[in-house]
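The listed protein sequences derive, respectively, from chains A and B.
Count the first sequence with this note's numbering and you get residues 1 to 616, in order.
Count the second sequence with this note's numbering and you get residues 617 to 1138, in order.
Every residue, glycine too, gets a C-beta built ideally from N, C-alpha and C.
Keep in mind it's a predicted model, so treat the numbers as computed, not measured.
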Amino acid sequence: MKEIMAQSLSYPSSEWVSFLRNYGPIPRNDNMYDETIQRASKRKKIQPPTFETTYCSELIENFQSVAPKSIILTGTAGDGKTYYCRQVWEALGGSPEVWQKEAKNKWHVLTLQDKKLVVVKDLSELTTEEKQTLLPHVAMAIAGKSSDKVFLIAANDGQLVEAWADTEKSADIENVRQVIENLLVEDRREQEGFNVKLYNLSRQSSAIIFPLILDAVLNHSGWACDSCNYQPACPIWENKSRLEGTATDRTARERLTNLLELSELNEMHLPVRQLLLLVSNALLGHPDAKDKLLSCKEIPAILDKGKEPLASLYRNIFGENLGDRKRESTEVFKVLRSFGIGIETSNQIDNILIFGADDPEIQPHYDYLVNSDKYYGANLRYQAQQRSYLEGGGEDNRKGDFLKALQTQRQRLFFTLPNKYTTDLKLWNLTAFQYAGEYLNDVCKALQHEKKLPKIIVIRLVRGLNRIFTGLLVNNENELILATSGSYSQAKISRVYEKFISVAKDRGESVSVELSTNRGKPILVVRFSQDIQPASFYLTVTRYEYLSRVAEGALPSSFSQECYEDVLAFKTQVLKQLRLRRQTEDTEEVEESMSIRLLKVNNDGIASPRTFEVNI
Amino acid sequence: MLKLPRPPQIEQSKLNMWVDESIWGHRLYDEQTPWLCILEMLCIVQSEAVSGKAFIEEEINKLHYSIYFRLHLRNILFNNPHIEAITTEYIDDVERWDAWMEEMAKSVGGIDSVDFSYLKSRFTSFDNFAEIVKFLQSSAIEGDSNKRWSSKFVFPYGPDCLYEDLRISGSNKTNDRRFFGRTGELAYLMLCRSGRGAEILDYLQKMGIIASEYASNYRGSKWNQLVIALQPDRDRLEKRPSGSPPYLPYASLPEYVSLADDWLSILRCKLPDYDALPHLVTITGLHLVVYLLNRAKAVLQDNQKPRFVLEIVAPKKTNIRDLAANEYETNNNLPKQAIEYYILSTAELPEWQQCLESLSSLDDARDLLEKHFVWQDKSANSPDELLDKLCADAVGRHKQHLAKFHGTWSKEIGLSSRRSSRRTRYAPTDALLKTLVLACVPYRMEFQEFLARLYEKYGFIIGEKQAQSFIDSGDADREDFTANAIRLERRLASIGLLKRLSDACAYVQNPFASEVPNATSN
């Protein structure tokens, strides 16, 4: 006891830091995540970081209403299903002790005004018999056949559908099963005629939640570093300050939020648990620490050995502090590493990092961007490695060391390059998605604020589509070329002219980039006429990058096979709508001679149809 | 189940024994790729459709049809190296036509009196003509291969595009059955005997490839008309009757119905234009490979259906790769084993015993073998030696073609691969996976159900649930197969055929589903 007291005195934040470690990538039993945190919180008398969750108030309102519907919470592990259940339980008057003590119970019952609320915190925990007992009641409630009970059930998608398979068949059960499957696969909340709402917690945007989580952690009352002796030198303190930013400079957290937003727009969802893991690891990661996460008492030794640069926030974000296996099996690091930050680069940036100290032309950049940061930037170690690399003749592992350090510097630069330099120094060339910056700022943000997109973007996208649609190196930008191969769609080159669709609005035709109505993500829309349904194509970051690169010269079958297939599937859709329009227009041309139109490409790369007539 | 009687004309034909044919029919041929099999079949369908008998087998194993030559068309498309040069060398159209026709007259094949002047009235300029030719060459079947020009085929846009594979020398043309080896005839008979012919014919007509109401003034689709333009009128009438009929040993088999059902599943997706064709080619190829192995196993009296362990290609070598290679090898040897068994089991017959016990045992044995296998031999000295000689001859003959059928066809349809490996093993391509989804998934199917379906229909083993026997025998871990199935999920997702919910649940979706409750765009 005395030792703990003594520790708390010399390391004022230690209890909080030690609690924060629980969220990080330490070895643990994931099934008991929520319970483990609860217990640690009780033991250390620390409140877990709290932040506003997206749907909580909606759920509570539902159960407090006159005619509450049963609610199913689904999503991946770590999306917060158990957390939501507990929040709703406590908000409706359920006792936290009952929840805690009877943790072994598979479900908890609460009496609302005239009904009973049955809360099932994890459907997969139920045995087959228990499911057989429970599910028929659930089906009755959802089908509206009984009204004395209402349910709140948390389940992973897979178990949700599978669970019904084991219960006895009845018309109600079959109907309800079908409805739930439809809601899941079609991504909807409810179906008319059924008393159920499906909340897919995977739909919570990590880009919106992350800033809330970050603030909840950074502003937590447990931080007491101001009264700590190690304060300015301590890497944990350094990381915290950098992540917080200042009133004028919040670059690090902005960039990190950008990466999360891009991941979300690329259909890579990160649940709350992974975001908490990210924050914990970012602040506390160090390859030499116990379980790879620092605790306050390890700081003096780290400082003594001069190993604090290895605690770099910018490395930790990518899980560099962890062993390979752990890193490769942790979702958030897999997602963030898919951007290739540290490996991707441009000549311009590498010149600054490698030669900047000696080259008078780029030295100002070097001083400003690298030298100014003595902690994680051009610290003594880096300078020594740089020297050794440039002077050459070193052993191979010296070179390897520097190249590794270079990676770390690129990672650092991504999070610290000031906004005023991002265009000139091409910030996003530090990632695999060169067009991501444009995507976020000129496309997504513009659309969200209902501004017009720069014309050059739509032009580039159209050029990319044209090259993939035809398989030819065409430069047409004012029209979308619809062409077929004359045999089957799988053929690589399509020379048979079908139609040009005008990009600019013209008699019902247009090609534009808009926000989708249901998910608020950018889509490319091709319109044919007032009466025909348009064809749309989700512009994920990867697809945007793909189209842009093809427009600038990459071959359609390089970069991403998946994108290529996606675009061809879109082409099939577009052709289908074109046919619909032709049917409604009903232009039957009776010709004496028959003609076909093939695309000819001129020296400027502009394709145009040439008519060939044949008389038989 | 009784085998149908052997055709009577065998004795007069060039066949020197009747072994492979007795088991699998006359015949499956390795050098006839799946595409060429379908082309041969389409020729037959069109011919029979005109006489109102498409997919109707009036008399068992007595198929007769008419087939076209269309040599002017073929010379223009595939025996025409000068066209490019002439287009650039001459400026005046009249000169171009003259120069070209002169060149053609020198090198044309299979035509008696050469006259291409009909083309001049069909096309407004030589340049137009050249462009159309180039276009049709780009979509040809076997267009890029190094096969002889008379074995290249224009895309089957319609009835006027169908013709037979020929050997040309000078002005002579012969059907040497080099690439139209009758596999198309067998596939045709299978569809006849499936009972689903009428519906299939309906779809083929809707696609424009077949026309029962065909006459010399038939025009058809735009593309068919383009191909008509390249032919003189008489070529559209000139045909020959087929020769001896093919032989398919059994009047009915579940395999025939499975083949037809898969055809219909694909056709019901109502793919645009001719898109269904490559899928029909692939699925037919798959069914014929399964038929090959089924018949072999029936002869071997092996009740377990043929199975295929499929490796979904992984970056690193896995256990599955070895198992898949082993199964490939096992299956590859089955037909040969079947032949040996078939012949050597003659020794079990009571008639053979009688021969051995008779006074003229060698002669009697010879007669018996000639009766069963249409094979004669004068050199053997004892019945046993006779049997062994027959076996050796049969295997030798088998190795020339039928033994290679499994290997060639499984490669052609994208079922087997040698990518990054010494041994060939079963590893499906994206194209094959697409065809399988179209054939097996009417709208949407849960992933595990899809795996079960693949096993039930074709004997494909991909995931752990179907691999129990391998796991029990210790040849592989459950995890190996689970990982294999996960790789398949990812592959299908990357080609847009699978929707993954965030956890263990995934659905295979047919993008061309015939029943679509609400069509959602991406």
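Asked: Could one say the Cβ of GLU1131 (chain B) lies closer than 8 Å to chain A's Cβ atoms, at least one of them?; Found: Model confidence at GLU1131 (chain B) stands at a pLDDT of 49, short of 50, so the residue's coordinates are unreliable and nothing is read from them.
Asked: When Cβ atoms are compared, which residues of the stretch 481-494 of chain A fall closer than 9 Å to chain B?; Found: THR484, SER485, GLY486, SER487, TYR488, SER489, GLN490, ALA491 and ILE493
Asked: Between the C-alpha atoms of TYR866 (chain B) and TYR872 (chain B), what's the straight-line distance to the nearest angstrom?; Found: 10 Å
Asked: Starting from the Cα of ALA1055 (chain B), find the closest Cα among B:VAL905, B:ARG884 and B:TYR1071 and give me that residue.; Found: B:ARG884
Asked: Can you list, in chain order, the residues of the stretch 727-761 of chain B whose Cβ is nearer than 8 Å to any Cβ on chain A?; Found: SER737, ARG738, PHE739, THR740, ASN744, GLU747, ILE748, PHE751, SER754 and SER755
Asked: For TRP1163 (chain B) and chain A, any beta-carbon pair shorter than 8 Å?; Found: Here chain B covers residues 617 to 1138 and nothing more, so residue 1163 (chain B) does not appear.
Asked: Are the C-beta atoms of LYS1115 (chain B) and some chain A residue less than 8 Å apart?; Found: yes
Asked: Which word fits GLU15 (chain A), buried or exposed, when buried means at least 16 other C-beta atoms lie within 10 angstroms of its C-beta?; Found: buried
Asked: Helix, strand or coil for ALA1122 (chain B) per DSSP?; Found: strand
Asked: Going by the beta-carbon positions, is the gap between LEU390 (chain A) and ILE349 (chain A) smaller than 8 Å?; Found: no
Asked: So, under 8 Å CB-CB, TYR497 (chain A) and ASP889 (chain B) are touching, yes? Tell me the CB distance rounded to an integer number of Å.; Found: Going by Cβ atoms, the distance from TYR497 (chain A) to ASP889 (chain B) rounds to 15 Å, so no, they are not a contact pair.
Asked: Counting Cβ pairs closer than 8 Å, one from the stretch 1027-1046 of chain B and one from the stretch 654-664 of chain B, do we hit at least three?; Found: no
Asked: Am I right that GLN87 (chain A) and CYS56 (chain A) are in contact with their C-beta atoms under 8 Å? What's the rounded C-beta distance?; Found: 5 Å
Asked: In this structure, how does DSSP classify ILE343 (chain A) when only helix, strand and coil are distinguished?; Found: coil
Asked: Give the residues of chain B in contact with GLN612 (chain A), contact being defined as C-beta atoms less than 7 Å apart.; Found: According to the sequence displayed, residue 612 (chain A) carries Phe and not Gln. Chain B residues near PHE612 (chain A): ASN744, GLU747 and ILE748.
Asked: Determine the direct distance from the alpha carbon of PRO861 (chain B) to that of ALA1008 (chain B), and round the result to whole angstroms.; Found: 28 Å
Asked: Straight-line CA distance for THR50 (chain A) to LEU59 (chain A)?; Found: 18 Å
Asked: Report the three-state DSSP secondary structure of TRP991 (chain B) (helix, strand or coil).; Found: coil
Asked: Between ASN1138 (chain B) and chain A, is any beta-carbon pair separated by less than 8 Å?; Found: The predicted position of ASN1138 (chain B) is uncertain, since its pLDDT is 36 and thus under 50; a value taken from the coordinates is nonetheless stated next. Yes, its Cβ sits closer than 8 Å to a Cβ of chain A.
Asked: Give me the Cα-Cα distance between VAL550 (chain A) and ASN603 (chain A), rounded to the nearest whole angstrom.; Found: 19 Å
Asked: Cutting at 7 Å between CB atoms, please list the residues of its own chain near ALA139 (chain A), excluding the five before and the five after it.; Found: ASP172, ILE173 and VAL176
Asked: Rounded to the nearest angstrom, what separates GLY285 (chain A) and GLN191 (chain A) at their Cα positions?; Found: 46 Å
Asked: What does CYS1121 (chain B) reach in chain A if we use C-beta pairs closer than 7 Å?; Found: ASP157, GLY158 and VAL161
Asked: Do ILE343 (chain A) and GLN434 (chain A) come within 8 Å of each other at the CB atom, strictly closer than that value?; Found: no
Asked: For chain A, find out if any of its Cβ atoms is closer than 8 Å to the Cβ of MET633 (chain B); answer yes or no.; Found: no
Asked: Starting from VAL332 (chain A) and walking both ways along the alpha helix (DSSP H), at which residues does that stretch end?; Found: 331-337
Asked: If we count the other Cβ atoms within 10 Å of its Cβ and call it buried at 16 or more, is ASN321 (chain A) buried or exposed?; Found: buried
Asked: Just the Cα atoms here: how many angstroms apart are GLN561 (chain A) and ARG1116 (chain B)?; Found: 18 Å
Asked: Can you look up ASP506 (chain A) in the DSSP assignment and give me helix, strand or coil?; Found: strand
Asked: Looking at the unbroken alpha helix (DSSP H) that takes in PRO235 (chain A), where does it start and where does it end?; Found: 235-244
Asked: Terminal residues of the continuous beta strand (DSSP E) containing GLU1062 (chain B)?; Found: 1060-1062
Asked: Using 8 Å as the Cβ pair cut-off and three pairs as the minimum, do the stretch 706-719 of chain B and the stretch 778-786 of chain B touch?; Found: no
Asked: Just to confirm my understanding: we take LEU461 (chain A), look at its own chain, exclude 5 residues before and 5 after, and list those with CB closer than 6 Å. What are they?; Found: LEU547
Asked: Residue ranges of each beta strand (DSSP E) run of no fewer than 3 residues wholly in the stretch 841-889 of chain B, ordered along the chain?; Found: 855-857
Asked: Note down, in chain order, every chain B residue with its Cβ under 9 Å from the Cβ of GLN561 (chain A).; Found: ASP1046, SER1110 and ILE1111
Asked: Taking DSSP as the reference, what is the three-state secondary structure of VAL614 (chain A)?; Found: strand
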